[in-house]
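To get my numbering, take the position in the sequence shown, counting from 1, and add 136. Written below as structure tokens is the structure these notes are about.
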Amino acid sequence: MAKVLILGLGNILLRDEGLGVKLLQELEKEFLFPEEVILHDGGTGAFFLLPYLFSAEKVIIIDAVKSGNSPGTILFEPLSALPRDTLEKISLHEIGLPDLLRILEFAGKNFEEIFLAGIEPKNLEVGLELSEEVKRAIPELKEKILSLLKEWGISFQRVSKAP
137 MAKVLILGLG NILLRDEGLG VKLLQELEKE FLFPEEVILH DGGTGAFFLL PYLFSAEKVI
197 IIDAVKSGNS PGTILFEPLS ALPRDTLEKI SLHEIGLPDL LRILEFAGKN FEEIFLAGIE
257 PKNLEVGLEL SEEVKRAIPE LKEKILSLLK EWGISFQRVS KAP
């Protein structure tokens, strides 16, 4: 079975920017995943994520995505389906996502699939609370992630309900 990396990105001190990390934490609390699924809090770093990305065959990147849509809009696509200009706007904070993927490609890494699971942020100011628009979108994005895992043949168990 393919090794799957679910990578939550963001800065939890900048409100909606913390979406990826907060949703990853929810998944960790609510579900028990098999050992071939790695859930990793990537924070705002990039280069230190390379070992995790090298070890994975399939990747789901959860992050706030500024794509020009209205706040709370979900973006859930394989990276290969995203237009180049959209991809250039997506940031892994210290280094752009396209740059990181080029490094991996140059090093010979090929992924079976990479999906971006994102929500358009509303508020990136200092604070811990997600905006209402982002909060409302989280359950739908979570279901999309879980459906994709099932499609990939990953079984998991719910251990608790979301608060």
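Heads up, the beta-carbon is just placed ideally off N, CA and C, and yes, glycines get one too. All values reported here derive from a predicted model rather than from experimental measurement.
With contacts defined by Cβ atoms closer than 9 Å, Glu-153 and Pro-257 form a contacting pair. Contact between the segment 154–174 and the segment 258–273 is present, with at least three C-beta pairs closer than 8 Å.
With a 10 Å radius around the Cβ and a threshold of 16 neighbouring Cβ atoms, Leu-163 comes out buried.
For the pair Phe-167 and Glu-193, the Cα-to-Cα distance works out to about 21 Å.
If you compare the alpha carbons of Asn-259, Leu-159, Phe-190 and Pro-170 with that of Lys-286, the shortest gap goes to Pro-170. In chain order, Leu-168 place their CB closer than 6 Å to the CB of Val-295, counting only its own chain and leaving out the 5 sequence neighbours on each side.
For Ile-281, the secondary structure class from DSSP, reduced to helix, strand or coil, is helix. For a cut-off of 8 Å, the C-beta gap from Leu-236 to Ile-198 is around 15 Å, too long to register as a contact. For Pro-187, the uninterrupted alpha helix (DSSP H) segment begins and ends at 186–191. Judged by DSSP in its simplified three-state form, Gly-254 adopts strand.
With a beta-carbon spacing of about 5 Å, Ile-142 and Leu-175 fall inside the 8 Å limit used to define contacts. Non-local C-beta neighbours of Val-140 in its own chain, meaning closer than 8 Å and more than five positions away in sequence, comprise Glu-172, Val-173, Ile-174, Ala-192, Glu-193, Lys-194, Val-195, Ile-196, Leu-285, Trp-288 and Ile-290, ordered along the chain.
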